[in-house]
Every structure is written in structure tokens, then in C-alpha cells.
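>
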Amino acid sequence: MALLEVTNLGISFGGLRAVDNFNIKIEKGQLYGLIGPNGAGKTTIFNLLTGVYQPTDGTIALDGEVLNGKSPAQICQSGISRTFQNIRLFHEMTVLDNVKAALHNQMTYSLADTFFRLPKYRKKEDEMNRKAVEILKVFDLDSHADHLAANLPYGKQRKLEIARALATNPKLLLLDEPAAGMNPNETAELMDTIKLIRDQFDITVLLIEHDMKLVSGICEYLTVLNFGTELASGTPNVVLNNPVVITAYLGE
Amino acid sequence: MNLFQSIMEQLLNGLRTGSIYALIALGYSMVYGIAKMINFAHGDVIMVGAYALFMGMTALSLPLPVAIIFTIVVCAVLGIAIEKVAYKPLRNASSLAVLITAIGMSFLLQSLALIIFSATPIPFKSIISMKGIKIAGVDIPGITIITLVVTTAIMVALTLFINKTKAGSAMRAVSEDRGAAALMGINVNRTISMTFAIGSALAAVAGILYICQYQSITPTLGALPGIKAFVAAVLGGIGSIPGAMVGGILLGIVESMSKAYISTELADAIVFGVLVVILLVKPSGLLGKLKAEKV
């Protein structure tokens, strides 16, 4: 069974059909790319998958569990996490606290534990700190743990967003234009990081990207979206040489 | 009594009133930070707290510590209820709608108190019986000592809570970016409820200390400390926790000094005048941050 199975997904905003009859099947461990011209509906699909929007039609199933009707926080707990096209970190919090905020679901201690400083509070807080630092190390951000997120350089903020998303312990990670605004060196580094987290954290990645070097470099399978519906699907080689896709991107 | 003693005594008076304002201002500021609204019913939570304490001690004849806990619980539950009933349905409405609703909620609480308890002030004997002490010729009344100890302890605890605990980090995350926080698995509704509960519990404590000072309970007793604490929150930079503390204490001291050395009648005018001047110089408040838009 595929990890993510989306069937007949559609959403209308008034008269505008932003996504129509969209189907996708992502196998566990896959690095999957979602590409398409601006305004094709890629981010809308991410918003549908994470519960920001409720679909007008169709179903979304993760590991066999139907996600329709669930809130963003519940979907996050079910195992889908994401980053944003425009960085949405908690800027006034430290790098460490950003990751810790995302560890929330996995750590439980009661208010009584907090107020009376019971051993459980200490233990869980220590555990959260350890986990958070572990994740930061993967991204080479552990030396910045006490800095405010707002003060990180752009490339590192992008990385921190991925780190924060990983901290929610997702099965499926959605990356919305992870390489946007990066220079070629940063992009190359990012490609390695994405491969690394797929292998090390044993997760599946679905990413939106316009950088074709990144897409053809790491994605194993692609779906091209145009006007809210699927234009083509397949391995990068096949898809990126498909005349229909080239026309959609570059025009006649 | 020499000038030093008199100034010290006024300073202590100011600190006492100011720390009560600070407790109330914290409620305004926390709620503003997380719900991006001014909860104008916040002052009336103080009034409800005062009546709750009175009823707890008389009608229910609870022992004092239990009556205090009862008061805090009543206010916390009231805070959660106000948010759920009046503000939550308006979360995506314009800020003007929420503002009007908050003012309406304030009048509703006052009118309910008027119906239940009538407008006749209820005399209230201070529950603080501690004797004052004298240091270097300066009289420090028991109520000042208790107020300062209680408010300092609460502020320290609150700061630790917000900075060092999971729930506190959820509050900071939700106040920065509610959408992103939800997508990171944080339960936004529960976090907002918790913020209202904490803010109202602080108002309950402030209410208890306030009536120990003024010794009379009326349905409108929350209005003036409420509006002054709002001024304190804006003065310190609304949304900022340390700002609310600093703003409250500063306001209390300015008020008490003006009353003692300038004019009792003018004291309130001076307090609000300080607000106008500070906002002219620093529109975001003393410790508030001005968000610069990147263009």
C-alpha cells in the first residue's frame, strides 16, 4: 500500500477550480517532486494535504488513514509535516526553541509536573533538549542553538524550517520550494541534506520546486501540474523531455 | 517626618498600586499577544473576582485559603468561557467587530453584577492582617509587603513558565504565527484558552489585592484599574510581558508621586499625559518592538 494516496482531489474557491481531479500515489521512502508553472495549484495541494484547506471533493489517505476533515494540528500528529514557500519560523524564539515547539506532540507532562517541578518535568525537558540538539546537528545548526531564528542568514533559516518540520516526527515531509532564493552552492548542499534526511530519518519526501537541477538531481518520480490538474507523471527523464510539459513551462 | 521618608513612602505606595496594575496589564498583554485583540472585559474579571471572594467568605463561609483558590478558579473559568462564547466565533472577523464585542462583554458583566448585587457598595474588610514594619524611619504597611511579595513571585513564576515550559513555548509559537504553530502540531484552541485562563487568574489575584486596599466592592470597581492597566500595557509595549510589568509599576509610581506632590485631582491626567508623551516618542511602547515591513 502506498504511504500517501490521494484520489480525485478537488477544491473550488467560489467559481475558481484551483485543483481538479488530482491523483497521486507516493510509496514509502520515495523522493517525489511536484512541479508546474506559477499558479498551477502546487501550494494549494500542500494546503489541502495539511488541512489548511478542506477539499471540496476527493479523499486524502496517509498509511490507510483518511485525513479529510481533520485539523492541521491533527494531521501533523498523523504524520504529515511541512515547510513554507515564504519562511514562517517563530522569529522571536531561539533556534532551539523553534525545534522544541515542534516536539510538542511527542512529549507529555502535566501542568502539575510543571508547577511543582516534578522529576517528570525535568526528565522530559532534558529529553526534548537532547532530541532538539540532535536534529539541529544534522543540519549543522547546533552551534546557533541560542541565537534568535530571525538573526540566522537566509540559507540557515530555510534549513531550520526543515529541522523544525522534522521534529514533529513525520512519515511524510512536504517541502515547499526549499531552494527558493538559494545560490547554486547552497542548493547543492540542500540536495545532499534532503537525501540524508530521507535515509537517516526513514521518511518520505514530497517537494515543490522550480529549480530543475534539484528536481532532476534528487527526485525519483515527478508529477507535473498545470491549471490545477495533472499534466504528466513519470521519472524525471521522461517527464522533463515530454513536449507537453515543455510547452506548459515555456509556451509555444 | 523628613522629605526622604515621605518620598520613600510615596514610592512604596506607587510600587504597591503599580504592581497590581502590572498583574492586570499582564492579562491584557498576553491576550493581545496571542489573540491579537484587546480584551476590554478584562477589568471586569477583577470585579467578578472581588465578588467571588466576598461570596466565598460569606455565603459559602469558606476558610480564607480555599476562598482565594475559589476566586482564582472562578475567574479562570470565566476567562475561558468569555473567549469561547464571545471571541472564538469572531476569530476571522474584523478587529473592529471583536473590539465592540469585548466592550459589550464588559457591560454585560457589569450589568449582571448590578442585577445580582445591586449598586450599593459592599464594605469589605481587608484579609491581610499582617503588621507593618519600620525601616530607617519609613513605615511599610503589611498590605504593601504582601502585595509586593505576591506580585513579584507571580511575575517570576510567569516568566519561567513562558520561557521554560512546553506550554509556554506553545504560547510563544502561537502568538508569533498561529498557522505555522498549528501545522507543527500545536493545539491552538487549547493554547488560547490557557492564555485567557492565566490572564484571568492574574486578574483574580489583582482583584483580591485591590479590594484589600480599597475595602469596598461595587459592580464598576474593575473599570478604573482595568483602563489604567490597559494604559500600562500600551506604555510598556503591548504584547510584551516584561513591558507590562515595567509599564504597570511605572504608572503606579507616577500616579502616587503626582497625588502626593502635585495634585490629587490632576493625578489621573498626569498618568494619561505620560502615556501620550511616551507614545509620541516611542509609538511601540517602552519595550515593544516595531515590526518593520520589508519592502
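Heads up: the protein sequence lines correspond to chains A and B, in order. All residue numbers for the first sequence refer to the numbering used here, where the first residue is 694 and numbers rise by one. All residue numbers for the second sequence refer to the numbering used here, where the first residue is 68 and numbers rise by one. For each residue, glycine too, the CB sits at the ideal point set by N, CA and C. Small disclaimer: the values here were computed from a predicted structure and weren't measured.
Let me check you understand the geometry: is the CB of A/A843 closer than 7 Å to at least one non-hydrogen atom of the ligand GTP?
The ligand GTP is not among the ligands present in this structure, which contains no ligands whatsoever.
> Below 8 Å between beta carbons is the criterion; list the residues of the region 235-257 of chain B that meet it against any residue of chain A, in chain order.
Here the close residues are S236, A237, R239, A240, E243, D244, G246, A247, A248, A249, L250, M251, G252, I253, N254, V255.
> Excluding the five sequence neighbours on either side, which residues of its own chain have a C-beta within less than 6 Å of the C-beta of B/T211, listed in chain order?
Excluding positions up to five away in sequence, the list reads L79, R83.
> Taking C-beta pairs closer than 8 Å, name the residues in chain B that A/F783 reaches, listed in chain order.
Per Cβ cutoff of 8 Å: R239, A240, E243, D244, A247, A248.
> Taking the C-alpha atoms as reference points, what is the distance between B/T218 and B/I87?
Distance between the alpha carbons of B/T218 and B/I87: 7 Å.
> For B/E243, does the count of other Cβ atoms within 10 angstroms reach 16, so buried, or fall short, so exposed?
Buried, because 16 or more other Cβ atoms sit within 10 Å of the Cβ of B/E243.
> Name the two residues that bound the continuous alpha helix (DSSP H) containing B/G123.
B/G123 -> alpha helix (DSSP H) spans 109-124.
> Inspect the CB distances between the region 99-107 of chain B and the region 298-311 of chain B and report whether three or more fall short of 8 Å.
Verdict: yes, contact present.
> If we require 3 or more residues per run, which beta strand (DSSP E) segments fall completely within the region 153-220 of chain B?
Runs found: 200-202, 205-207.
> Please classify A/T752 as buried or exposed, where buried requires at least 16 other C-beta atoms within 10 Å of its C-beta.
Under this definition A/T752 is an exposed residue.
> So, using beta-carbon positions, are A/E913 and A/Q723 closer together than 8 Å?
In contact: A/E913 and A/Q723 (Cβ atoms closer than 8 Å).
> Use the C-beta contact count for B/I136: other C-beta atoms within 10 angstroms, 16 or more gives buried, fewer gives exposed.
When all chains shown are included, B/I136 counts as exposed.
> Do you know how far the Cα of B/S283 is from the Cα of A/Q850?
One C-alpha to the other measures close to 55 Å.
> In or out: B/N106 buried (at least 16 other Cβ within 10 Å) or exposed?
Label assigned to B/N106: buried.
> So, are the CB atoms of A/S926 and A/L933 less than 8 Å apart?
Cβ distance not < 8 Å, so A/S926 and A/L933 don't count as in contact.
> Would you kindly work out how many angstroms separate the C-alpha atoms of A/L697 and B/L250, rounded to a whole number?
The alpha-carbon atoms of A/L697 and B/L250 are separated by roughly 18 Å.
> Classify B/D111: buried if its beta carbon has 16 or more other beta carbons within 10 angstroms, exposed otherwise.
Its Cβ being crowded by 16 or more others within 10 Å, B/D111 is buried.
> Can you tell me whether DSSP reads A/F706 as helix, strand or coil?
The answer is strand: DSSP assigns A/F706 an E or B state.
> Taking 8 Å as the threshold, find out whether the region 885-899 of chain A comes into contact with the region 723-735 of chain A through three or more Cβ pairs.
Contact holds: three or more Cβ-Cβ distances are below 8 Å.
> If we define contact as Cβ-Cβ less than 8 Å, is B/K233 a contact residue for chain A?
By this cut-off, B/K233 is an interface position.
> On a Cα-Cα basis, can you pick out the residue from B/G199, B/I189, B/P292 that is closest to B/G209?
Cα-wise, what sits closest to B/G209 is B/G199.
> Output needed for B/A108: all residues of its chain with C-beta closer than 7 Å, excluding positions within five of it in sequence on either side, in chain order.
So the qualifying residues of the chain are I149, A169, M172, S173, L176.
> Any chance the region 855-867 of chain A sits against the region 812-831 of chain A, with 3 or more Cβ pairs inside 8 Å?
Because the criterion of three Cβ pairs below 8 Å is met, the region 855-867 of chain A and the region 812-831 of chain A touch.
> For the beta strand (DSSP E) containing B/Y281, name the first residue and the last one.
That residue, B/Y281, is in no beta strand (DSSP E); its alpha helix (DSSP H) goes 255-281.
> Taking the straight line between their C-alpha atoms, what separation do you get for A/Q767 and B/P190?
Their backbone Cα atoms lie some 51 Å apart in a straight line.
> Go through its chain and collect everything with a Cβ distance to A/A843's Cβ below 6 Å, but skip five positions before and after it.
Excluding positions up to five away in sequence, the list reads H784.
> Should B/S289 go down as buried or exposed, given a rule of 16 or more other Cβ atoms within 10 Å for buried?
Sequence inspection shows Gly at residue 289 of chain B; the Ser mentioned does not correspond to that position. It counts as buried.
> If we count the other Cβ atoms within 10 Å of its Cβ and call it buried at 16 or more, is B/A186 buried or exposed?
Looking at its Cβ environment, which holds fewer than 16 other Cβ atoms inside 10 Å, B/A186 is exposed.
> Can you tell me whether A/S836 is buried or exposed, with buried defined as 16 or more other CB within 10 angstroms of its CB?
Label assigned to A/S836: exposed.
> Residues bridged to A/E923 by DSSP?
Bridge partners of A/E923: A/L918.
> Need the endpoints of the alpha helix (DSSP H) that B/A143 sits in, please.
Run containing B/A143: 131-149, per the alpha helix (DSSP H) assignment.
> How about A/R851: is its C-beta nearer than 8 Å to some C-beta of chain B?
Answer no: the Cβ-Cβ gap between A/R851 and chain B never drops below 8 Å.
> With distance defined between alpha-carbon atoms, name the residue in B/G340, B/G355, B/F71 nearest to B/V205.
Here the closest residue by C-alpha is B/F71.
> Assuming A/G726 is part of the alpha helix (DSSP H), what are its boundary residues?
Note, A/G726: premise wrong, no alpha helix (DSSP H); beta strand (DSSP E) at 724-728.
> Comparing the C-beta of A/P765 with each C-beta of chain B, is any distance below 8 Å?
It does: the Cβ of A/P765 has a partner Cβ on chain B nearer than 8 Å.
> Check each candidate in A/T928, A/G921, A/L943 and name the one with the smallest Cα separation from A/P748.
Comparing Cα-Cα distances from A/P748 to each of A/T928, A/G921, A/L943, the minimum goes to A/G921.
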